[in-house]
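Data block below; observations after.
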Amino acid sequence: MMKKFLLVFLVGMSMSLNIQAQEDTTKTLEGGQVDQSILDSMNMIDPFALEKYNMGIHEMNKNNFNKAVEWFSEAYKIDSKYKKSLLQRGRAYRQLGQKDKAIADLELYIKEGDSTDIAEYEIGRMHFDDKEWGDAEKRFEAAILKNNKIAKYYYYKGVCRLTEKDLEGAITQFNKTLELDKQYAYAYNDRASAYMRMEKYDDAIRDYRKAVSVDAEFALSYNNMGTAYRRSQKFEDAVKAYSEAIRLSKDNYISLNNRGNAYYSLGQYDKALADFDAALKIKSDYAMALSNKASVYIKWEKWEDAVKFCDDAIKYNEDIMQAYFNRGIAKEMMRDVSGACTDWEKAFILGSEAAEKYLNSPICAE
895 MMKKFLLVFL VGMSMSLNIQ AQEDTTKTLE GGQVDQSILD SMNMIDPFAL EKYNMGIHEM
955 NKNNFNKAVE WFSEAYKIDS KYKKSLLQRG RAYRQLGQKD KAIADLELYI KEGDSTDIAE
1015 YEIGRMHFDD KEWGDAEKRF EAAILKNNKI AKYYYYKGVC RLTEKDLEGA ITQFNKTLEL
1075 DKQYAYAYND RASAYMRMEK YDDAIRDYRK AVSVDAEFAL SYNNMGTAYR RSQKFEDAVK
1135 AYSEAIRLSK DNYISLNNRG NAYYSLGQYD KALADFDAAL KIKSDYAMAL SNKASVYIKW
1195 EKWEDAVKFC DDAIKYNEDI MQAYFNRGIA KEMMRDVSGA CTDWEKAFIL GSEAAEKYLN
1255 SPICAE
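Residues in the sequence shown are numbered consecutively from 895, following my numbering.
The following block contains the structure:
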């Protein structure tokens, strides 16, 4: 079975933008589902080939892709004029993760078949799944040129644009997606993610709300909504949104960490610590939660504990900026000025503006 691709910008303490590209709920072209329209216009086809082809369709709909390949191969061997056997065999190979065989069949179908937008899209999805964004986008564009009425073609092109940091271009594609399908929850979610990166938080919140109105169990959009509220300094609303994400996904350690972050901003340190601990119970090497836990202990002036949690965070992720910054704070309070300045220098190299202020202060100038 081909794995579904999930594109996520991981939520952290100071950066919490999530994008998910996933199969939409349409069943005409995805997975093993085959639209009956594919079977139309079957005139002058060898009846034995048609029988084999229909058996392949039957196996596709049961997700038995190896058997489907066998039946489509038999159909094509009997009657090579019926090119849809190539299309469906290529799609079956894609589900099996056999990219080269899938592309070979689909490219041949594009040369000789009809409804070739489907084949262009399938090839695009394989490039997309392998994070080959440029090649994927070219195929989605080719699919659109051949059939401009399919929402998912625009959606995946939009995700490519988003990944390439063309935010306006991504929004344009998501707009076109939603013109064709107003129930496309992922398009709302990902358009909101583009707005998030543009710091248009009100627009982002509006789209996240639309996403969850379409799909009330869309945990990712609730998480993202919480992040938009948190960046807008609306911490109580953030807690509510993160709580919905956690309710829908009990093992959602990212949302637990983020809700803890919101509680921390509200000054509710006990609740923040409880969420960070809950996240670590699910994922013990979650460096961000360890660093955030250190932040709580710094508030409580428990410097040695804070250093320990920062050490653990850095052990699991040596590039975690906040842990170096926090450890520097704790070390300075323990009168280890040299160690503090060394940690702040590392945090500065990793992008901390706050660390730069400490490095330029009299503390590190001595």
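Just so it is clear, CB atoms sit at the ideal spot from N, CA and C, and this is done for glycine as well.
Cβ shell of residue i (< 6 Å), same chain only, five flanking positions each side left out
| i | result |
| --- | --- |
| Gly1222 | Ala1234, Asp1237 and Trp1238 |
| Leu1002 | Leu980 |
| Ala1188 | Ala1200, Phe1203, Cys1204 and Asn1220 |
| Ala1181 | Ala1207, Tyr1210, Asn1211 and Ile1214 |
| Cys1258 | Cys1235 |
| Thr1057 | Trp1027 |
| Ala1036 | Glu1014 |
| Gly1161 | none |
| Ile932 | Low per-residue confidence applies at Ile932: pLDDT is 49, beneath 50, and the placement is therefore not dependable enough to give any value. |
| Ala1183 | Asn1151, Phe1170, Ala1173 and Leu1174 |
| Ala1086 | Ala1098, Asp1101 and Tyr1102 |
| Lys1070 | Tyr1048 |
| Met895 | For Met895, the predicted structure reports a pLDDT of 39, less than 50, and the residue's modelled location is therefore unreliable. A value from the coordinates is still provided. Around Met895: no qualifying Cβ. |
| Lys1000 | Lys is not the amino acid found at residue 1000; the sequence shown has Leu there. Gly984, Ala1013, Glu1016 and Ile1017, listed in sequence order. |
Opening and closing residue of the alpha helix (DSSP H) in which residue i lies
| i | result |
| --- | --- |
| Met1020 | Asp1011 to Asp1023 |
| Ile1257 | Pro1256 to Ala1259 |
| Glu1211 | Here residue 1211 turns out to be Asn, not Glu, going by the sequence shown. Counting along the chain, Asn1211 falls outside any alpha helix (DSSP H), and DSSP gives it neither H nor E. |
| Trp1194 | Segment: none, Trp1194 is in no alpha helix (DSSP H) and carries neither H nor E. |
| Ser967 | Phe959 to Ile972 |
| Gln989 | Lys978 to Gln989 |
| Gly1245 | Neither: Gly1245 is in no alpha helix (DSSP H) and is coded neither H nor E. |
| Met954 | Pro941 to Asn955 |
| Lys1177 | Where Lys1177 is concerned, there is no enclosing alpha helix (DSSP H), given that its DSSP letter is neither H nor E. |
| Glu1006 | Lys993 to Glu1006 |
Beta-carbon contacts of residue i that lie in its chain and below 8 Å, excluding the five residues immediately before and after
| i | result |
| --- | --- |
| Tyr1218 | Cys1204, Ile1208, Asp1237, Trp1238, Lys1240, Ala1241, Leu1244, Ser1246 and Ala1249 |
| Ser1329 | The chain is shown from 895 up to 1260; residue 1329 falls before or after that span and cannot be answered. |
| Asp1109 | Ala1079 and Ser1115 |
| Met1090 | Leu911, Ala1098, Asn1118, Thr1121, Ala1122 and Arg1125 |
Own chain partners of residue i with C-beta closer than 7 Å, once the 5 adjacent residues on each side are dropped
| i | result |
| --- | --- |
| Lys1193 | Tyr1163 |
| Ala1139 | Ala1113, Tyr1116, Asn1117, Gly1120, Asn1146 and Ser1149 |
| Val963 | Arg983, Ala986 and Tyr987 |
| Ala1135 | Tyr1116, Met1119, Gly1120 and Tyr1123 |
| Lys1177 | Tyr1147 |
| Ser967 | Arg983 |
Return the chain-ordered ranges of every alpha helix (DSSP H) run that is complete within the region 1088–1165 and spans a minimum of 4 residues. Secondary structure remark: continuous alpha helix (DSSP H) runs of at least 4 residues inside the region 1088–1165, in chain order: 1095–1108, 1113–1125, 1129–1142 and 1147–1159.
Review point. Of all the alpha helix (DSSP H) runs that stay within the bounds of the region 1030–1100, which reach a length of 4 or more residues?
Key: Within the region 1030–1100, the runs of alpha helix (DSSP H) at least 4 residues long that lie entirely inside it are, in chain order, 1045–1057, 1061–1074 and 1079–1091.
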